[in-house]
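Asks: Line by line, the protein sequences are chains Z and B.
For the first sequence, position 233 (counting from the first letter as 1) is numbered 233 according to our numbering, and the numbering increases by one without interruption.
Position in the second sequence counted from 1, then plus 1000, gives you our numbering.
The C-beta atom is built at its ideal place from N, Cα and C for all residues, glycine as well.
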Amino acid sequence: MSLQDRVEYAVRKCEKLGASEAEAYAQKQRVVEIVLERGEIQSERTKIHEGISVRLVKDKKLGFAYTSTLSEKEIEKACEAAFALARASAPNPDWISLPKTAETPTSPEGIFDPKIAELQGTDVLNLAIQAAEAVKEKDKRAAIDDGKFTAATGETAIANTHGISCVEKATVFSCYLVCIAKEMGKASSMVFEYEITRSLGKLSPTQLGEKAAEKAVASLNPKSVPSFTGKVLLDTDPAAAVLAYTITNSVNAENVQRKRSLWAEKIGEEVASPVLNVVDDGLLPFGVYSSAFDDEGVPRRKTEILTKGVLKGFLHNSFTANKANTASTGNAYRQDYTTLPTVLSSNMIIQPGDKTLEQMISEIDKGIIVRRFSGNVRPESGEFSGIAKQASFIENGEVKHALKETMISGNVFEALKNIVAIGSETRATLYRAYVPPTLVDNIKIVSKH
Amino acid sequence: MALDLLSECLKNWSGGYVEMRHHRREMLTITVKDGKMDAVNCGVTEGACARVLIDGSWGFASTTSLEKKDVTKIIEDAASLARASKPLKKRRVDLGTVDAYEDSYETPMHKDPAKADKEELVRLAIDVDKEVRSFSPRIVSDNVALRIIDDKLEFLSSEGSRISQRIVRCYGGVMVVAMEKGSIASAYESIGAQCGLEILDETPLEEAGRKAAERADKLASARVAPGGVFPVILENRIVGLLAHEAVGHCSEADLVYGGSFLAGKIGEKVASEKVTLIDDGMFPRGFGTMKYDDEGVPTEKTVIIDKGVCKGYLHSRETACQFNVKPTGNARAWTFEYDPIIRMRNTYIEAGDYSLEELAETIKDGFFLKGGLSGQADFTGEFMFGTQEAVKIRNGEFAESYRGVTISGNAFEVLKNVDAVGKDFLMRIGMCGKEQVNYVGMGGASLRTKLLLGGR
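1) Note the first and the last residue of the continuous alpha helix (DSSP H) segment covering B/Met1282.
2) Taking the continuous beta strand (DSSP E) assigned at B/Gly1441, which residues delimit it?
3) Report the neighbours of Z/Ala131 on chain A: residues whose CB is nearer than 8 Å to its CB, in chain order.
4) Which class does Z/Val31 belong to by DSSP, given the choice of helix, strand or coil?
5) Please confirm if the segment 367 to 384 of chain Z is in contact with the segment 237 to 244 of chain Z, defined as three or more CB-CB distances below 8 Å between the two stretches.
6) Kindly list, in the order they appear in chain B, the residues whose Cβ is closer than 7 Å to that of Z/Pro125.
7) Should B/Glu1300 be flagged as near chain Z, meaning a C-beta pair shorter than 8 Å?
8) I want to verify the contact list: residues of chain B whose CB lies under 7 Å from the CB of Z/Tyr66, in sequence order.
9) Could you tell me which of B/Ile1342, B/Val1247 and B/Tyr1188 sits nearest to B/Gly1329, measuring between CA atoms?
10) Among residues of its own chain, excluding the 5 on either side of Z/Glu269, which ones have a beta-carbon nearer than 8 Å to its beta-carbon?
11) Looking only at its own chain, which residues have a Cβ that is under 7 Å from the Cβ of Z/Tyr176, when we skip the five neighbours before and after it?
12) Just tell me which of B/Ile1407, B/Gly1182 and B/Phe1135 has its CA closest to the CA of Z/Gly386.
13) How about the segment 1269 to 1283 of chain B and the segment 1301 to 1316 of chain B: do they share at least three Cβ pairs that are nearer than 8 Å?
14) Can you tell me whether DSSP reads Z/Met360 as helix, strand or coil?
15) Would you kindly work out how many angstroms separate the C-alpha atoms of Z/Lys448 and B/Asn1410, rounded to a whole number?
16) Quick check on the burial criterion: 16 or more other C-beta atoms within 10 angstroms. Buried or exposed for Z/Ser71?
17) Spell out whether any CB of chain B is found under 8 Å from the CB atom of Z/Ala321.
18) What runs of the alpha helix (DSSP H), each 4 residues or longer, lie entirely inside the segment 250 to 309 of chain Z?
19) Measuring alpha carbon to alpha carbon, tell me which residue in B/Phe1336, B/Lys1086 and B/Ser1080 is nearest B/Glu1046.
20) So, is B/Gly1454 buried or exposed, given that buried needs 16 or more other C-beta atoms within 10 angstroms?
21) If you draw a straight line from the C-alpha of B/Gly1015 to the C-alpha of B/Arg1215, how long is it?
22) On a Cα-Cα basis, can you pick out the residue from B/Leu1359, B/Glu1350, B/Tyr1338 and B/Tyr1402 that is closest to B/Arg1021?
23) Spatial neighbours of Z/Leu119 within its chain, please: C-beta separation below 7 Å, excluding the five flanking residues on both sides.
24) Can you tell me whether Z/Thr106 is buried or exposed? The criterion is at least 16 other CB atoms within 10 Å of its CB, across all chains shown.
25) What residue from B/Leu1153, B/Lys1181 and B/Lys1370 has the CA that sits closest to B/Ser1446's CA?
26) In chain order, which continuous runs of the alpha helix (DSSP H) of length 4 or greater are located wholly inside the segment 99 to 184 of chain Z?
27) Quick test of your reading: Z/Tyr25 and Z/Tyr337, contact by CB under 8 Å. State the CB separation rounded to the nearest angstrom.
28) Terminal residues of the continuous alpha helix (DSSP H) containing Z/Ser424?
29) At least one CB of chain Z closer than 8 Å to the CB of B/Tyr1257: is that the case?
30) Name the chain Z residues that come within less than 7 Å of B/Ala1185, Cβ to Cβ?
31) Going by beta carbon distance, what residues of the same chain come within less than 8 Å of B/Asn1041, once the five residues before and after it are set aside?
32) From the DSSP output, in three-state form, read off B/Tyr1354 for me.
33) With a threshold of 8 Å between beta carbons, is B/Ser1316 in contact with chain Z?
34) Check the Cβ-Cβ distances between Z/Ala187 and every residue of chain B, and say whether any is below 8 Å.
35) Expressed to the nearest angstrom, what Euclidean distance is found between the alpha-carbon atoms of B/Leu1359 and B/Asn1395?
36) Per DSSP, what kind of secondary structure is Z/Thr320 in: helix, strand or coil?
Written out as structure tokens, the structure is:
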């Protein structure tokens, strides 16, 4: 039985049990993983991660069950469990329907790379070694604390009682290094550097290692400066953690409908600086978060989010779309087969500007650059505060020195209006967003000084 | 019986040390959002794994199939990975010798959730949600979640260990959002322990809900706390985070080996003499309690800091052998898909004898920081945690509330500045992410120190 056969089998079984509607989601993933610890290879794993879940509706009552065993017998048991749970549950008056048949979607270009699918443990190990060597060669003071290199090949199949039945294969390679530099017995702050890509050709372990070493060394010999309010240049990852993360949460229709978004009533209003343009593009060629269909089998598409700072739209799955009497934007998301679909971005793209990082720095009279953000962002209120890691002080257009014990704090909704410039060098981040470096004014910079 | 299957598959093996685990996890989750029932979610994940040590080189493989041929194959897969990567490894792993155990263990409990009435749990979640939403007109949204995790773990080693454990965890949480004139505040409270459903009678979810509602309601109209260095009281819930995130990680032998803050500091003073910090594998009802770790080593109570002096580290078999000490039973794996790594179990700072009022007495201008959010720490001891609420302390008296901010500092500096520890000890539940996630207990009593607030 193929994976698609299995989801169809589950849906038929649920119909026989007397379900009003049913949906099955199955996943099969082969993962080859190398874990580095203390700069050495600690372990390697090959694992098959697989399972199937069933979402079943009976008189507006929902049941959900899953199993990691794909045999017919276990699938039947999961269907029966979901049916029993639906009966034990209470009706959800907002329930309308699972998604209805749509055209059969086609996969965007570049989401399956046979070269990743063919990687063996030793191949992944060699890539990890390349990165480790690059750290050492770049600077003797830098060393790897830990890291992980993961090649994943996955297949997802979805079917429901309204005729949706689709299957897709994809690959992704992800890796990270935690790097630290030491000089005269003093350690730098810990650098977390990562790369995530759909195609092996775009991965450079050497570059990853060099970047990590560079950042670690640059944060040696930190000094503090007195607290001030001013310009903060957020590098790609902190810009994603603070800005993109809050945007994603604020345009999530579930949050909008549940009054957890301050943008709930603001469609058509200017909510951010006019330099900011944002789209969610689930079909981006080679996009790390691209796919033919979302986690309910609804075709992916491109959705305008912010145009010149004006709020254009929200992201929906079928439940929130039904509730708002609109069409799903193909943004249903599940962490894996064990979870119910929620709403999440696909590739949330902050459109890059035209300045390089160096140009942006050269235009700052007084401010700081933050290369990693270790803190809390509360997307409902927009409040954020945390440590500015690998941060440096900038004066008269030049990076002066690394910063010690410095925190940044503010409100993201205000920060979005205070964006001064957006950089040209964008990248895929771990926040399901493609984000360039972003310069924001009027941020509180708190130091112990 | 899964142990027999594992042992059948291992029977003809002769090629080096092998440990095999079987893991079956049953999970039930009930979620109510804004008065609407989400699907009741339940499921099973089950599988087996093998870890093989050949000539000092590890290999690991796992499978979701429990067919004999597939389980036998993962031993081969793990062995071939170990052989292939051997020439690329600089360090040879040695495990030393440990005793082999044949034993079984089960979480002590009164109300086994395996017999739970699901409809009753659904009703409970719906009732909590109702109460939360009726707390005040400012409450605009809430989530009520209840979860039961029932883990059955079997361990078999080529050295003769045969261990089976059943670990049951019940927990719940309430998240509340309140709005006042376009300003939003949220609050979160949780309950839970390693035990049966009796936890819901002892620490009712309604109470957690009420606390969260009260806090969100109050903070909806509050301002953000100011930034800068202040004397503070850290609430017991936050002290647990500090013990775990900022201090505990530095005592994990793999990080010690990498040069963490506590490296080379055994016998040295690293904190105020008011501070004693423990990681206990058998803390009653602790979220991280297990009788044996995932290498089959009995867990123990490990003293990390005794009255300010660093006493020991947390070990797996591998690092214990490297450091020439006894393993402490800290090797844990999230599921059968992962090999065990050094993890904390239940980490806490021992209670002192101050009341909250006494802790506040000497603070002229400071804050009482309450309600931990997520945190992170580097192995240098530099940490940050979010807090939900900052209560102003003026001349020894608790005053108005502000919205919490992120706090940061070097944990050991913060611990050196501890001059009083409270008596309100609390062991809370936690999730820790270190390459793979895991359940841990985090404990402590409120204490007084000073640190940096990242406020307005």
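Replies: On the basis of the data shown:
1) Residue numbering aside, residue 1282 of chain B sits at position 282 when the second sequence is read from its first letter. No alpha helix (DSSP H) contains B/Met1282, which DSSP labels as neither H nor E.
2) Position 441 of the second sequence, counted from the start, is the residue given in the question as residue 1441 of chain B. Where B/Gly1441 is concerned, the enclosing beta strand (DSSP E) stretches over Gln1436 to Gly1444.
3) Any reference to chain A falls outside this structure, whose protein chains are Z and B.
4) Taking the first sequence and counting its residues from 1, one reaches residue 31 of chain Z at position 31. It is a strand residue.
5) yes
6) Within the first sequence, numbered from 1, the residue matching residue 125 of chain Z stands at position 125. First, the amino acid is wrong: residue 125 of chain Z is Leu here, not Pro. Neighbours of Z/Leu125 on chain B, chain order: Ser1085 and Leu1088.
7) For this step, residue 1300 of chain B is matched to residue 300 along the second sequence. False, the Cβ-Cβ gap to chain Z never drops below 8 Å.
8) As a position in the first sequence, residue 66 of chain Z is number 66, starting the count at 1. Result: Gly1043.
9) Position 329 of the second sequence holds residue 1329 of chain B. The option with the nearest alpha carbon to B/Gly1329 is B/Ile1342.
10) Locating residue 269 of chain Z in the first sequence gives position 269, counting from the first residue. Cβ neighbours of Z/Glu269 beyond the five flanking positions: Val310 and Leu311.
11) Mapped onto the first sequence, residue 176 of chain Z falls at position 176. Cβ neighbours of Z/Tyr176 beyond the five flanking positions: Gly147, Lys148, Phe192, Glu193 and Tyr194.
12) For the purposes of this step, residue 386 of chain Z is taken as the residue at position 386 of the first sequence. Among B/Ile1407, B/Gly1182 and B/Phe1135, the Cα nearest to that of Z/Gly386 is on B/Ile1407.
13) yes
14) Position 360 of the first sequence, counted from the start, is the residue given in the question as residue 360 of chain Z. Reduced to three states, the DSSP call for Z/Met360 is helix.
15) Residue numbering aside, residue 448 of chain Z sits at position 448 when the first sequence is read from its first letter. Residue numbering aside, residue 1410 of chain B sits at position 410 when the second sequence is read from its first letter. Going by the C-alpha atoms only, they are around 12 Å apart.
16) As a first step, residue 71 of chain Z must be located in the first sequence, where it is residue number 71. So Z/Ser71 counts as exposed.
17) As a first step, residue 321 of chain Z is located in the first sequence; it is residue number 321 there, counting from the start. Not one chain B Cβ lies under 8 Å of Z/Ala321.
18) 253 to 257
19) In the second sequence, the residue the question calls residue 1046 of chain B occupies position 46. Out of B/Phe1336, B/Lys1086 and B/Ser1080, B/Phe1336 has the C-alpha closest to the C-alpha of B/Glu1046.
20) Position 454 of the second sequence, counting from 1, holds the residue named residue 1454 of chain B. Buried, by the Cβ-count rule.
21) Working through the second sequence from its first residue, we reach residue 1015 of chain B at position 15. Working through the second sequence from its first residue, we reach residue 1215 of chain B at position 215. Taking the straight line from one Cα to the other gives about 60 Å.
22) Translated into positions along the second sequence, residue 1021 of chain B becomes position 21. Nearest C-alpha to B/Arg1021: B/Tyr1338.
23) To locate residue 119 of chain Z, count along the first sequence from 1; it is residue 119. Val32 and Ala151.
24) If you number the first sequence from 1, residue 106 of chain Z lands on position 106. So Z/Thr106 ends up on the exposed side.
25) In the second sequence, residue 1446 of chain B corresponds to position 446, counting from 1. Ranking B/Leu1153, B/Lys1181 and B/Lys1370 by Cα distance to B/Ser1446 puts B/Lys1370 first.
26) 114 to 117 and 121 to 138
27) On the first sequence, position 25 is the one that residue 25 of chain Z refers to. On the first sequence, position 337 is the one that residue 337 of chain Z refers to. Contact holds; Cβ gap of about 6 Å.
28) Within the first sequence, residue 424 of chain Z is the residue found at index 424, counting from 1. Segment: none, Z/Ser424 is in no alpha helix (DSSP H) and carries neither H nor E.
29) The residue labelled residue 1257 of chain B in the question sits at position 257 within the second sequence. Yes, B/Tyr1257 counts as interfacial toward chain Z.
30) Position 185 of the second sequence, counting from 1, holds the residue named residue 1185 of chain B. Under the 7 Å cutoff, chain Z gives Ser381.
31) If you number the second sequence from 1, residue 1041 of chain B lands on position 41. Answer for B/Asn1041: Met1027, Leu1028, Thr1029, Ile1030 and Thr1031, listed in chain order.
32) Mapped onto the second sequence, residue 1354 of chain B falls at position 354. B/Tyr1354: strand per DSSP, three-state reduction.
33) Taking the second sequence and counting its residues from 1, one reaches residue 1316 of chain B at position 316. No - not a single Cβ of chain Z is within 8 Å of the one on B/Ser1316.
34) For the purposes of this step, residue 187 of chain Z is taken as residue 187 along the first sequence, with counting starting at 1. Closer than 8 Å: yes.
35) As a first step, residue 1359 of chain B must be located in the second sequence, where it is residue number 359. As a first step, residue 1395 of chain B must be located in the second sequence, where it is residue number 395. Cα-Cα distance, rounded: 12 Å.
36) Stepping through the first sequence from its first residue, residue 320 of chain Z is reached at position 320. Three-state result, Z/Thr320: helix.
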